[in-house]
Amino acid sequence: MRAPSPFDARQDLADAPATSRRLRPKDAATLILVRQTRGVPEVLMGRRAPGHVFMASKWVFPGGRIERADFGAASATDLAAEVAARLERETAPRRARALALAAVRETFEETGLILGRPAPPASVAGPWRAFRQSGALPDLAALTYVARAITPPGRTRRFDARFFMADGKTLLAHGAASGELDEVAWLPLPEARALDLPAITRFVLSEVAARLDEDPRPLPFVRWRHGHHAVDYD
0 MRAPSPFDAR
10 QDLADAPATS
20 RRLRPKDAAT
30 LILVRQTRGV
40 PEVLMGRRAP
50 GHVFMASKWV
60 FPGGRIERAD
70 FGAASATDLA
80 AEVAARLERE
90 TAPRRARALA
100 LAAVRETFEE
110 TGLILGRPAP
120 PASVAGPWRA
130 FRQSGALPDL
140 AALTYVARAI
150 TPPGRTRRFD
160 ARFFMADGKT
170 LLAHGAASGE
180 LDEVAWLPLP
190 EARALDLPAI
200 TRFVLSEVAA
210 RLDEDPRPLP
220 FVRWRHGHHA
230 VDYD
């Protein structure tokens, strides 16, 4: 295995300084879309708007917290057996599936990109309405599970985030984005690394680069343990 990617704990604290607040982490999911352009790997990233309380103006992968509607949303395909099994070592099957659906939904909301299969438009209530009206169902089989990270205690926002990856060639269409990201771009890996990134995004970007060269690869879990950051591979 390639040497584990370093995690910049000092930068992580600068990204979101500690406060006295005690918050429980909220389940969240992120999708890293990768494509090859003339043999060069590119990733889809977006810059958060300056007015955000959390990670303002930082470049990130699209994603966000799980919604109640994600637990019952329909999909065109199921998670690959090995992806589902790995997620279900951490959480219940229903929540594992909901996390994957959240990654697809949040990517659509923030970028307008649809990771899905064609399906008759359907009228549903809640956060899946625009996605289903676009004429698609989520393609969960396209997802690979690549990393997990829990925000340290004392931050203004805390997430138990799962990072998924998918091939950009599987995207179905492009629609309207929510505006949460004020710029969205496909970036070659070296250019992406040069951006103003949160520490966890930089870490996961290195893991994605390693996975493109070495797959399968153990899954990293970044968390706070005994008063400092720890990265475990499993």
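Under numbering that gives the first Met the number 0, the letters of the sequence shown match residues 0 to 233, in that order. Don't be surprised by glycine CBs; every beta carbon is placed ideally from N, CA and C.
Rounded C-beta distance between residue i and residue j? I'm assuming under 8 angstroms.
i    : j    : result
V103 : I31  : Not really, about 12 angstroms apart at Cβ, beyond 8 angstroms.
T150 : R157 : 4 angstroms
P165 : A141 : This sequence places Ala at residue 165; Pro is not what is there. Yes, they are in contact, since the Cβ atoms of A165 and A141 sit about 5 angstroms apart, within 8 angstroms.
A99  : L139 : 5 angstroms
D212 : F220 : The Cβ separation is near 21 angstroms, so there is no contact.
P152 : R21  : 7 angstroms
Should residue i go down as buried or exposed, given a rule of 16 or more other Cβ atoms within 10 Å for buried?
i    : result
S56  : exposed
R201 : buried
T36  : exposed
D69  : buried
P61  : buried
T155 : exposed
P197 : buried
E81  : exposed
A91  : exposed
G45  : buried
R47  : buried
A27  : buried
Of the residues the options, which one's Cα is nearest the Cα of residue i?
i    : options              : result
R96  : R67, W58, V33        : R67
G115 : T106, V123, S122     : T106
G63  : V123, A209, P24      : P24
T110 : S74, D181, L98, A121 : D181
R94  : I113, A72, P215      : A72
R34  : E108, L188, A121     : L188
G59  : H228, P40, T29       : The sequence shown places Val at residue 59, not Gly. The candidate whose alpha carbon is nearest that of V59 is T29.
P126 : P219, W223, I65      : I65
Tell me the residue span of the beta strand (DSSP E) that contains residue i.
i    : result
I65  : Note, I65: premise wrong, no beta strand (DSSP E); not H, not E.
P219 : 219-224
Please list the terminal residues of the continuous alpha helix (DSSP H) segment that includes residue i.
i    : result
V103 : 92-110
L186 : Here L186 belongs to no alpha helix (DSSP H); instead the beta strand (DSSP E) covers 180-187.
Next on the checklist: For the segment 191-206 against the segment 127-134, do three or more pairs of beta-carbon atoms, one drawn from each stretch, fall closer than 8 angstroms, so that the two count as touching?
Outcome noted: Contact fails between the segment 191-206 and the segment 127-134, because fewer than three Cβ pairs, one in each stretch, are under 8 angstroms apart.
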